[in-house]
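Residue numbers (the UniProt record's numbering): 1 to 156.
Printed below as a string of structure tokens:
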């Protein structure tokens, strides 16, 4: 993904994440003060169905926002499922080329940590189950138990 220069005309921002069991699609308007204002959003749980629902929800959100195309695409880059990562990155790349606009990607855990920190004002730790008794936490892949099995619900 390419380096983005700040441009006055880059006002419409499309964000999406399909790197895990959920799909998130949101549109934002970037005001002159650099603040993002949410326009429309979608959140849905779609295990193993990212390829089917991502494009559909992107179309729905763009229609709700009354946009033909955004000025910038922001995509989550994981951690997450291998297939979900490929779908998210290839979708961002293809739409960026189609619309001739820039796209950028961010670490998913950093996005969620920043969002929840702003929402609550409290320190936040985000963890995503990584299978085989592992957990993605703070952008690192950590083994949290060597012997004991754990249930994800225990940490939610």
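From the three backbone atoms N, C-alpha and C, an ideal C-beta is built for every residue, glycine too.
With a 10 Å radius around its C-beta and 16 neighbouring C-beta atoms as the bar for buried, classify residue i as buried or exposed.
i: residue 58; result: buried
i: residue 90; result: exposed
i: residue 27; result: buried
i: residue 79; result: buried
i: residue 36; result: exposed
i: residue 84; result: buried
i: residue 94; result: exposed
i: residue 70; result: buried
i: residue 68; result: exposed
i: residue 96; result: buried
Using the C-alpha atoms, what's the distance from residue j back to residue i?
i: residue 65; j: residue 42; result: 12 Å
i: residue 4; j: residue 102; result: Here the model assigns residue 4 a pLDDT of 46, short of 50, so the residue's position is not dependable, and the following value carries that caveat. Near 7 Å, if we compare the C-alpha coordinates of residue 102 and residue 4.
i: residue 126; j: residue 109; result: 6 Å
i: residue 15; j: residue 73; result: 6 Å
i: residue 48; j: residue 23; result: 11 Å
i: residue 81; j: residue 115; result: 21 Å
i: residue 98; j: residue 120; result: 38 Å
i: residue 54; j: residue 63; result: 14 Å
i: residue 107; j: residue 124; result: 15 Å
i: residue 56; j: residue 20; result: 17 Å
i: residue 149; j: residue 122; result: Summary for residue 149: the model assigns pLDDT 42, below 50, so the residue's position carries little reliability, and this model does not support an answer.
i: residue 34; j: residue 51; result: 32 Å
i: residue 113; j: residue 92; result: 22 Å
Rounded to the nearest angstrom, how far is the Cβ of residue i from that of residue j, given a contact under 8 Å?
i: residue 111; j: residue 18; result: Residue 111 to residue 18, Cβ: 13 Å. No contact.
i: residue 44; j: residue 77; result: So it is not a contact: roughly 20 Å between Cβ atoms.
i: residue 39; j: residue 46; result: Their Cβ separation, rounded to whole angstroms, is 22 Å, which puts residue 39 and residue 46 out of contact at 8 Å.
i: residue 25; j: residue 61; result: 5 Å
Taking the continuous beta strand (DSSP E) assigned at residue i, which residues delimit it?
i: residue 49; result: Run containing residue 49: none; DSSP gives neither H nor E here.
i: residue 72; result: 72-76
For residue i, report the span of its alpha helix (DSSP H) as first-last.
i: residue 27; result: Note, residue 27: premise wrong, no alpha helix (DSSP H); beta strand (DSSP E) at 22-30.
i: residue 85; result: 82-99
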